[in-house]
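Colleague: Just so you know, we're using the numbering used here here: the sequence shown kicks off at 7 and counts up by one.
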Amino acid sequence: MANLVGQWDSPWQLVAAGVIITSIPIFVIYLLIQDQFVKGLTAGAVKG
């Protein structure tokens with residue numbers, strides 16, 4: 007990603023495509039562990 011950004015000109019279409027491509031695995035992992043994520047948040051909020 008850092009190699010795509012230049013001092014005077016940057017191919018913003020390639021930068022945007024790179025951001026989307028690198029964020030897809032994070033989004034997929036979140037979807038797979040969403041239940042555990044929500045359970046952990048709610049378990050920490052219970053007083054008693």
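Positions of the beta carbon are idealized from the N, C-alpha and C atoms, including for glycine. Predicted model, so just to flag it, every value in this text is computed and none were measured.
#1: Can you tell me whether DSSP reads aspartate 41 as helix, strand or coil?
#2: Short of 8 Å in beta carbon distance, which residues of its chain neighbour alanine 22, apart from the five on each side in sequence? Order them along the chain.
#3: Check valine 52 in the structure and name its three-state DSSP category.
#4: Work out the CA separation of serine 16 and valine 34 for me, nearest whole Å.
Modeller: Working from what's here:
#1: Walking along the sequence shown from the start, residue 41 turns up at place 35. Helix at aspartate 41.
#2: In the sequence shown, counting from the first residue as 1, residue 22 sits at position 16. Cβ neighbours of alanine 22 beyond the five flanking positions: none.
#3: Within the sequence shown, residue 52 is the residue found at index 46, counting from 1. Correct three-state label for valine 52: coil.
#4: By 1-based counting over the sequence shown, the position of residue 34 is 28. By 1-based counting over the sequence shown, the position of residue 16 is 10. Each residue's Cα considered, the two are about 29 Å apart.
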